[in-house]
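Residue numbers for the sequence shown follow the numbering used here, so the first one is 12 and each next one is one higher.
Beta carbons are placed, not taken as given, at the ideal position from N, Cα and C, and that holds for glycine.
These numbers were taken from a predicted model, which means no experiment stands behind them.
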Amino acid sequence: MEPVLIVLIVLVVVAFIALIRTIQVIPQASAAIVERFGRYTRTLNAGLNIVVPFIDTIRNRIDLREQVVPFPPQPVITQDNLVVNIDTVIYYQVTDARAATYEVASFIQAIEQLTVTTLRNIIGSMDLESTLTSREVINAGLRGVLDEATGKWGIRVNRVELKAIEPPTSIQDSMEKQMRAERDKRAAVLTAEGARQAAILRAEGEKQAAVLSAEGEAQAAVLRADGEAAAIRTVFEAIHDGDADQKLLAYQYLQTLPELAKGDANKLWIIPSEVGDALKGLGGAFGGLTGQGAGPGAGPDLTKPPVAAPEGNGSRPGVGGGSGPRPVDTDQTGAARPRVSPPREYPKIDPE
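Structural data, given as structure tokens:
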């Protein structure tokens, strides 16, 4: 009874193992390669699959999702004989599990080596400055070469990115100095431009201020002249309306004379010839006032008709050279008033 039980147990275990190997569950976004007696039979897709136990075997399980593979820095020589280290990142996806299994032994290693060789070919035709500023060109060149080579491997390269481009330390120092010099130059240019703009604006402001000041002074001079003209016109009209006589004008004339001597710098001042006539008129007026009702010798008798002075010795009448009384005139009331010399006429001066 015991041997039968052992056989049954062995059969159950074998059946269980066969059942396990018969039912294959493939996860989503994965694929499995099935071989029968070492030969490719089919590709198992995601889901529940049935295979023949002990005859069909699972060769490889492949992830069909997009994969990211970073490669270590690779030394690359540029066209100007400078060695730079470049880090690359490859984004790829397996589109054909059978080709990825049987067309290439290790597609990861194959992609890495192909990337390195292609990168050296592209960078070798560019100088350092172009290498640092042409990442998009390098990425596009790498992607085109990798797509062409990996298509038969059942792999699609979606993106190729350069993580870093590291030039030698001495080149980095030189680049930093150059960049610093460029920034200093740009700052100096901007400072000079700002100073130029400020000077232009300042000059324009001063010009406008000078123009406005000149216009203000001109308007003030015009208004001042208009005011003085109006004042003179008012005084002139007041004098004519008041009908001032010769005595008042002579008195005002004498009050104006002290103004000629004002000022510390005046060492010599000239009295006009009209002062004598004004003094004569004013003296005659005061003499006429004091002569009325005075005793003998107080002044000439202005009630008598004036007697003309004899002309002689080439002198003017009434101005020395004669001993007769001074000629006077009388007004409408019979009061004596000094004789006023006729006004002198001066030649007119053409302002031009």
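Per DSSP, which residues does residue i bridge with? Please list them.
i: Pro179; result: Answer by DSSP bridge pairing: none, since Pro179 is not bridged.
i: Val105; result: Ile166
i: Ile37; result: Gly58
Around the Cβ of residue i, are there at least 16 other Cβ atoms within 10 angstroms (buried) or fewer (exposed)?
i: Leu234; result: exposed
i: Ile223; result: One point to set straight first is that residue 223 is Leu, not Ile, in the sequence displayed. Leu223 is exposed by the Cβ-count criterion.
i: Phe118; result: buried
i: Gly165; result: buried
i: Asp107; result: buried
i: Ala43; result: buried
i: Gly304; result: Reliability fails at Gly304, whose pLDDT of 41 lies under 50, so the model's placement of it is uncertain and the value that follows must be treated cautiously. By the neighbour-count rule (16 or more Cβ atoms within 10 Å), Gly304 is not buried but exposed.
i: Val23; result: exposed
i: Thr161; result: buried
i: Leu212; result: exposed
i: Asp67; result: buried
i: Thr202; result: exposed
i: Ala116; result: exposed
i: Ile73; result: buried
i: Val25; result: exposed
i: Leu16; result: exposed
i: Leu19; result: exposed
i: Ile133; result: buried
i: Ile122; result: buried
i: Thr142; result: buried
i: Thr144; result: exposed
i: Thr180; result: exposed
i: Val246; result: exposed
i: Val105; result: buried
i: Val200; result: exposed
Per DSSP, what kind of secondary structure is residue i in: helix, strand or coil?
i: Phe247; result: helix
i: Ala43; result: strand
i: Val115; result: coil
i: Gly135; result: coil
i: Ser145; result: coil
i: Pro311; result: Below a pLDDT of 50, predicted positions are generally treated as unreliable, and Pro311, at 44, falls in that range; the measurement from the model is reported next regardless. Coil at Pro311, not helix or strand.
i: Ala240; result: helix
i: Gly306; result: At Gly306, the pLDDT of 42 sits below 50, so the modelled position is not reliable; the number obtained from the coordinates is stated separately. DSSP places Gly306 in coil when its eight states are reduced to three.
Could you tell me how far apart the beta carbons of residue i and residue j are, in whole angstroms, since I believe they sit closer than 8 Å?
i: Tyr103; j: Asn169; result: 7 Å
i: Ala40; j: Ala57; result: 7 Å
i: Thr126; j: Phe82; result: 6 Å
i: Val94; j: Pro86; result: 5 Å
i: Val171; j: Thr99; result: 7 Å
i: Asn60; j: Ile37; result: 6 Å
i: Ile101; j: Leu130; result: That belief does not hold up - the Cβ atoms of Ile101 and Leu130 are roughly 11 Å apart, past 8 Å.
i: Lys163; j: Ala111; result: That belief does not hold up - the Cβ atoms of Lys163 and Ala111 are roughly 10 Å apart, past 8 Å.
- Message: List, from N- to C-terminal side, the beta strand (DSSP E) runs of 3 residues or more that fit wholly inside the stretch 162-219.
- Response: The beta strand (DSSP E) runs lying completely inside the stretch 162-219 and spanning 3 residues or more are 166-177, given in chain order.
Within the stretch 46-101, ranges of the beta strand (DSSP E) (whole runs, at least 3 residues) = Runs found: 50-55, 58-61, 67-74 and 78-88.
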